[in-house]
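Asker: Order-wise, the sequence lines are chains A and B. Positions 1 to 400 (this note's numbering) are the ones given, in order, by the first sequence. Positions 1 to 268 (this note's numbering) are the ones given, in order, by the second sequence. All residues carry an ideal CB built from backbone N, CA and C; glycine is no exception.
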Amino acid sequence: MEKETESIKEPPSIAEEKPNPIVEIIGVDKFYDSNHVVKNLNMTIYEKEFLSILGPSGCGKTTLLRMIAGFEHQTSGTITIEGENVENKEPFERNINTVFQSYALFPHMNIYDNIAYGLRMKKVPKNEIKSRVDKALVMVRLEGFEQRYPSQLSGGQKQRVAIARAIINNPRVLLLDEPLGALDMKLRKQMQIELKSLQRKLGITFIYVTHDQEEALTMSDRIAVMNAGNVDQLGTPEEIYARPATKFIADFIGETNLFEAVAEEERGGTAYLYCEAGDLLGKSEGFDPNEIVYVSVRPEKIRCSSQAVEGFSLGGVVRENIYLGNIIKTIIMLTNGQAVRINTPVDLPVPALGSIQYIYWDIKDSVMIYTPSNDIIKQIENADFAAFAGEIKTKEAGNV
Amino acid sequence: MQTKKTVSLQNSFSRLFSTFVYIFLYAPIAIVILFSFNTSRRNIIFEGFTFSWYGEMIQNSSLLQSFVNTLIVASASTAIAVVIGTLTAVAMFRYRFKVKGAIDALLYIPVVIPEIVLGISLLASFAIANVPLGRISLIIAHATFSIPFVVFTVRARLSGYDRSIEEAAMDLGANRIQVLTGITIPIIAPGIISGAILAFTLSIDDFIISFFTTGASSITFPLKIMESVRSGIRPDVYALSSIIMLITLIVVIISQLSAYKNAKKSGK
Chain A
1 MEKETESIKE
11 PPSIAEEKPN
21 PIVEIIGVDK
31 FYDSNHVVKN
41 LNMTIYEKEF
51 LSILGPSGCG
61 KTTLLRMIAG
71 FEHQTSGTIT
81 IEGENVENKE
91 PFERNINTVF
101 QSYALFPHMN
111 IYDNIAYGLR
121 MKKVPKNEIK
131 SRVDKALVMV
141 RLEGFEQRYP
151 SQLSGGQKQR
161 VAIARAIINN
171 PRVLLLDEPL
181 GALDMKLRKQ
191 MQIELKSLQR
201 KLGITFIYVT
211 HDQEEALTMS
221 DRIAVMNAGN
231 VDQLGTPEEI
241 YARPATKFIA
251 DFIGETNLFE
261 AVAEEERGGT
271 AYLYCEAGDL
281 LGKSEGFDPN
291 EIVYVSVRPE
301 KIRCSSQAVE
311 GFSLGGVVRE
321 NIYLGNIIKT
331 IIMLTNGQAV
341 RINTPVDLPV
351 PALGSIQYIY
361 WDIKDSVMIY
371 TPSNDIIKQI
381 ENADFAAFAG
391 EIKTKEAGNV
Chain B
1 MQTKKTVSLQ
11 NSFSRLFSTF
21 VYIFLYAPIA
31 IVILFSFNTS
41 RRNIIFEGFT
51 FSWYGEMIQN
61 SSLLQSFVNT
71 LIVASASTAI
81 AVVIGTLTAV
91 AMFRYRFKVK
101 GAIDALLYIP
111 VVIPEIVLGI
121 SLLASFAIAN
131 VPLGRISLII
141 AHATFSIPFV
151 VFTVRARLSG
161 YDRSIEEAAM
171 DLGANRIQVL
181 TGITIPIIAP
191 GIISGAILAF
201 TLSIDDFIIS
211 FFTTGASSIT
221 FPLKIMESVR
231 SGIRPDVYAL
241 SSIIMLITLI
251 VVIISQLSAY
261 KNAKKSGK
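1) Which residues in chain B sit within 9 Å of R165(A), going by Cβ to Cβ distance?
2) Consult DSSP for F31(A) and reduce its assignment to one of helix, strand or coil.
3) Leaving out the 5 sequence neighbours to the left and right, which residues in its chain are closer than 7 Å to G155(A) when beta-carbon positions are compared?
4) Provide the residue(s) that pair with P345(A) in DSSP beta bridges, ordered along the chain.
5) Ignoring anything shorter than 4 residues or poking outside the stretch 101–134 of chain B, list the alpha helix (DSSP H) runs there in chain order.
6) Tell me whether A216(B) is buried or exposed, calling it buried when 16 or more other Cβ atoms sit within 10 Å of its Cβ.
7) So which residues on chain A does I187(B) lean against when the C-beta distance must stay under 9 Å?
8) Please report how far the alpha carbon of P56(A) lies from the alpha carbon of N227(A), in whole angstroms.
9) The beta strand (DSSP E) spanning L51(A) covers which residue range?
10) Find the residues of chain B that neighbour K61(A), judging by a C-beta separation of less than 9 Å, and give them in chain order.
11) From which residue to which residue does the alpha helix (DSSP H) around K224(B) run?
12) Can you pull out the residues from the stretch 137–164 of chain B whose beta carbon lies closer than 7 Å to at least one beta carbon of chain A?
13) Since Q233(A) sits in a beta bridge, which residues does DSSP pair it with?
14) Among G286(A), P289(A), L281(A), N290(A), which residue has its Cα nearest to the Cα of S296(A)?
15) Straight-line CA distance for R135(B) to V237(B)?
16) Could you tell me how far apart the beta carbons of L64(A) and I81(A) are, in whole angstroms, since I believe they sit closer than 8 Å?
17) Considering E82(A), what are the terminal residues of the beta strand (DSSP E) in which it resides?
18) Would you kindly check if the distance between the Cβ of V318(A) and the Cβ of T403(A) is under 8 Å?
19) Considering only the beta carbon of each residue, do G27(A) and N40(A) sit closer than 8 Å?
20) List the whole-angstrom C-beta distance separating A116(A) from L142(A), where the pair is believed to meet the contact cut-off of C-beta under 8 Å.
21) Between the stretch 146–154 of chain B and the stretch 84–104 of chain A, can you find at least three pairs of beta-carbon atoms closer than 8 Å?
22) Tell me, to the nearest whole angstrom, how far the beta carbon of L133(B) is from that of F126(B); I am working on the premise that it is less than 8 Å.
23) Could you pull out every residue in the same chain whose Cβ sits closer than 8 Å to the Cβ of S242(B), ignoring the five residues on either side in sequence?
24) Mind checking the stretch 120–134 of chain A against chain B and listing, in chain order, the residues whose C-beta falls within less than 7 Å of any C-beta there?
25) What does S102(A) reach in chain B if we use C-beta pairs closer than 8 Å?
26) Would you kindly report the start and end of the unbroken beta strand (DSSP E) that includes Y208(A)?
27) Roughly how many angstroms lie between the CA atoms of F67(B) and Y161(B), to the nearest whole one?
28) Are any of the Cβ atoms in chain A nearer than 8 Å to that of I72(B)?
29) Quick one: which residues of the stretch 46–76 of chain A get their C-beta closer than 9 Å to a C-beta of chain B? List them in chain order.
30) Taking the C-alpha atoms as reference points, what is the distance between K224(B) and F207(B)?
31) With I192(B) and V82(B) assumed to form a contact (beta carbons below 8 Å), what rounded beta-carbon distance in angstroms separates them?
32) Can you grab the Cα-Cα spacing for the pair F360(A) / G269(A), in whole Å?
33) Short of 7 Å in beta carbon distance, which residues of its chain neighbour K158(A), apart from the five on each side in sequence? Order them along the chain.
34) In the DSSP assignment, the alpha helix (DSSP H) including D279(A) goes from what residue to what residue?
35) Per DSSP, Y272(A) forms a beta bridge with which residues?
36) So which residues on chain A does I183(B) lean against when the C-beta distance must stay under 7 Å?
What follows is the structure, given as structure tokens:
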């Protein structure tokens, strides 16, 4: 028992000592013509951590990675690597390596020459190259493939060569741009675990770009969720899953049920809210009366009963019970037409199809998401319309 | 279902047809080789076997001179066309610029324009630029019509090329020149080589443009043959033609063999 708690505490290497920043992104903007793809972005990446940059396609995550590698230049802002501003450094002058989505192996070289390429560029002696290539091949389990050509390898093997080719140079930071994107599901899961253990073994920083939230949750020490050029949240997988900062993240990471609700009052740590389908409870976070909040509740946290539970009046009809192997997914249609998803372990009873059920949850399992739309409403409320109208009038007078 | 009989009938017909195609293609070449060994001066009847025309060919200094001249012009114009054509293809693949579409379209003009028009316009240009007609003007003219062919073959090779390969090389510490010499050029080499072969052969057998753009001092082999036709072709021209064919055949076999080896190596 004691041993177990210890092993849980151990892995996140960040927690141990005071971590050293290795890559710092300070106020970075990137424009493609008038297209603002990365917006005033700030991020610190620490030594030896596995950081994922997670976001939908087009959110600017690959652009950010390419700026760190040196293939793109930021429009403004600073990127430092090991404390040094890399503004004027070419990709070949930076002590970082990249694993590309398309592998980008050299088609005219065999596997040995592919992996040795970086060392040859650094003019490392021949026998040292030999021993390091052999070691790298063992590490990615590709011994005996030296004489093959990239076109003779499978996707997973090509991926391993690409990783070996990058890590052989002992970079301080390894950038990975959706490296598992082209692999099938099973191989992907296997490679996720391999990559994670490789990262621990090598003790180098991995910056891993992906659009797959499950992949990010599986492997990362920290996840930066990007959306439309901004980092919406940066935290551990647990934080991001349990306490998503925005509606977008709650929706994007894992499966969730979102209720758009209005705060009525708060009493004793409980927020009393109502939505279109009825009343619900949430955590008290000092809301203003009539403020709009989103309540996010994970499918495994929702329960149902045939009687309304105090504080809740969300009733609906059971529409589906879907068997998914380890869980049963129940879909309940609320009175306003919202479909609520509930996951129940297979060994527990599920409500009968067509029956009327009331849903509820423990308030500690609800996540309250503040919406930026409240800011707009507040601004409108506080705006001095009289002055504004006066301004327009004087302008019109001037024009005439 | 087809009966056995109709299948065998179809087979024999297609065999017959392809035999005729090959006769049609290769009979004229065979005749040239045959008559290079003919004892008769006239090339209508085969009278007897002799090697003497090959000996006479070696003695015929003006014929040999024209052939050497052809080789010099072909090599020089190919070299120029390969350098300019490859750089053009790489630039057009790599960069986006405003006049790209126009340049693309303009490249086809030297290919589709009647050679005689190109010949006259080159002649006029040389006259305006005060370039004396001779070997230099000939090399420039040949390079002009060869460049588009090199651009096309190199670009075809580049079409499947992944730019991230170059980025990967740079990421691994190669500077721009190392990327060009170690990665880009080796990968597009097959395109460059086939472009060069194309340019070389086009230059060797060009008649019309050479006719307009050369002076008396540098007569090429096709021009020499044309000249001798007026007084009746002598069998030593056949002898030289046979040797050229033999050389071409060897080059084709070598290039095919190396292509086959390459394909085997990369497992395709």
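Answerer: Reading from the atomic positions:
1) A168, L172
2) strand
3) A182, L183
4) I327(A)
5) 115–129
6) exposed
7) F106, P107, H108
8) 7 Å
9) 50–54
10) Residues of chain B passing the Cβ test: none, with the nearest at roughly 16 Å.
11) 221–229
12) D162, S164
13) V225(A)
14) L281(A)
15) 22 Å
16) No, L64(A) and I81(A) are not in contact; Cβ-Cβ is about 14 Å, not under 8 Å.
17) Unbroken run through E82(A): none, as it is neither H nor E.
18) Lying before the first or after the last residue shown, residue 403(A) is absent from chain A, which here runs from 1 to 400.
19) yes
20) Between L142(A) and A116(A) the Cβ distance is about 14 Å, and since that is not below 8 Å, they are no contact.
21) no
22) 6 Å
23) V32, I33, S36
24) M121, K122
25) D162, S164
26) 205–210
27) 39 Å
28) no
29) R66, A69, G70, F71
30) 10 Å
31) 6 Å
32) Rather than Phe, the amino acid found at residue 360(A) in this sequence is Tyr. Roughly 17 Å separates the two Cα atoms.
33) Y103, L105, P150
34) Element bounds for D279(A): not the alpha helix (DSSP H) but the beta strand (DSSP E), 278–283.
35) E265(A), L281(A)
36) F106
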